Each structure stands twice: as structure tokens, then as C-alpha cells.
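Peer 1: Per my numbering, residue 1319 is the first one in the sequence shown, and the count goes up by one each step.
Take a look at the following structure, please.
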Amino acid sequence: ERPFSVPKTGQYLFRYWAIDRVNNREMFKPLLLMVDESPPQILEVFSINSIGTETTKEGAEIPIYPQHTTLFLNAMDNSASIKGIWYQLNGDDMKEYTQVLFLDQPGRYRITIKAEDQLGNVSVKTLEFMIAQATE
């Protein structure tokens, strides 16, 4: 009879039917409605454990990884599938993540990762770390 709103994230089963002016009622029809306002969770996995940490000027501890480390990115969402993952490396343009990242150049890295699910929910995560110079 009037509009309603769904209060929170979750799955809802609605049953609806129509009644005409002479009180004929159709069989009810089920409708499964999924409400998802949660962004995907971003996951990052380095191919090797860090070999130490370094303290930044701001006082933050950032991990140090050996040269030729590989970074794997992924995202998961409990309700909707993932539309895509993008990353920005050291201020460069945002790129779609299609393969693992090979980190073979020594230096400090800042990677911003963005994941979006099929419903348009977006999450962003930033990683900072160092790649050490290989020793002979």
C-alpha cells in the first residue's frame, strides 16, 4: 500500500500478490532481495616476509622487503562479486590490476589500491613499504 525501506545489509525474502477490485487474489510470488552497502575487503600478500622495518620522518614503521619481491592483490565481498581492482604506484596513473606486481627496483613504494563490487561499493587501501637493495 505504501513505500517501505529496508533497514540494513542482508538478504530479505518478500512475498507479494495482487488483489483486484472484486477480491480475487493471485498466488503470492517470492522475491529475494539482497541489500549490500558494505565495500569489498582488500587483501594483499607479499611473496616473502619482510626482512625488517624502517621508521619514517612521520614516525610510522614501514616494512622492508628484499629485491624481487612479488605483490599479489585480491578483494572479496560477502554479497556481490568484485567488479575490479585498480592500483596506483608511487603517484602514477591508476591501472587495472591484471597480474602480480614484480617489485625489483630498490626504494620506497606507496601503492593505493581500489576495489569495487558489482553494486558500486568501493574501498581504498594504501600500502607503504621499502624494497631493499640486493647484496652481493
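Glycine included, every Cβ here is placed at the ideal spot set by N, Cα and C.
Computed from a predicted structure; not experimentally measured.
Within 10 Å of its beta-carbon, does Thr1387 have 16 or more other beta-carbons around it, so buried, or fewer, so exposed?
Peer 2: Its Cβ being crowded by 16 or more others within 10 Å, Thr1387 is buried.
Peer 1: Might you give, ordered along the chain, the residues of its own chain that have their beta carbon closer than 6 Å to the beta carbon of Gln1329, omitting 5 neighbours on each side?
Peer 2: Result list for Gln1329: Met1352, in chain order.
Peer 1: Spatial neighbours of Val1442 within its chain, please: C-beta separation below 6 Å, excluding the five flanking residues on both sides.
Peer 2: For Val1442, where only same-chain residues beyond five positions count, the Cβ hits under 6 Å are Lys1432.
Peer 1: Would you report the Cα separation of Leu1407 and Tyr1415, rounded to the nearest angstrom?
Peer 2: The alpha-carbon atoms of Leu1407 and Tyr1415 are separated by roughly 11 Å.
Peer 1: Pairs of beta-carbons, one from the stretch 1378-1392 and one from the stretch 1358-1370, closer than 8 Å: are there three or more?
Peer 2: Output reads yes: the stretch 1358-1370 touches the stretch 1378-1392.
Peer 1: Under the three-state reduction of DSSP, which class applies to Val1283: helix, strand or coil?
Peer 2: Given that the chain is displayed from residue 1319 to residue 1454, the structure contains no residue 1283 and the question cannot be resolved.
Peer 1: Do Pro1358 and Ile1400 count as a contact pair if the criterion is CB distance below 8 Å?
Peer 2: Yes, they are a contact pair.
Peer 1: Could you tell me how far apart the beta carbons of Glu1434 and Leu1391 are, in whole angstroms, since I believe they sit closer than 8 Å?
Peer 2: Going by Cβ atoms, the distance from Glu1434 to Leu1391 rounds to 13 Å, so no, they are not a contact pair.
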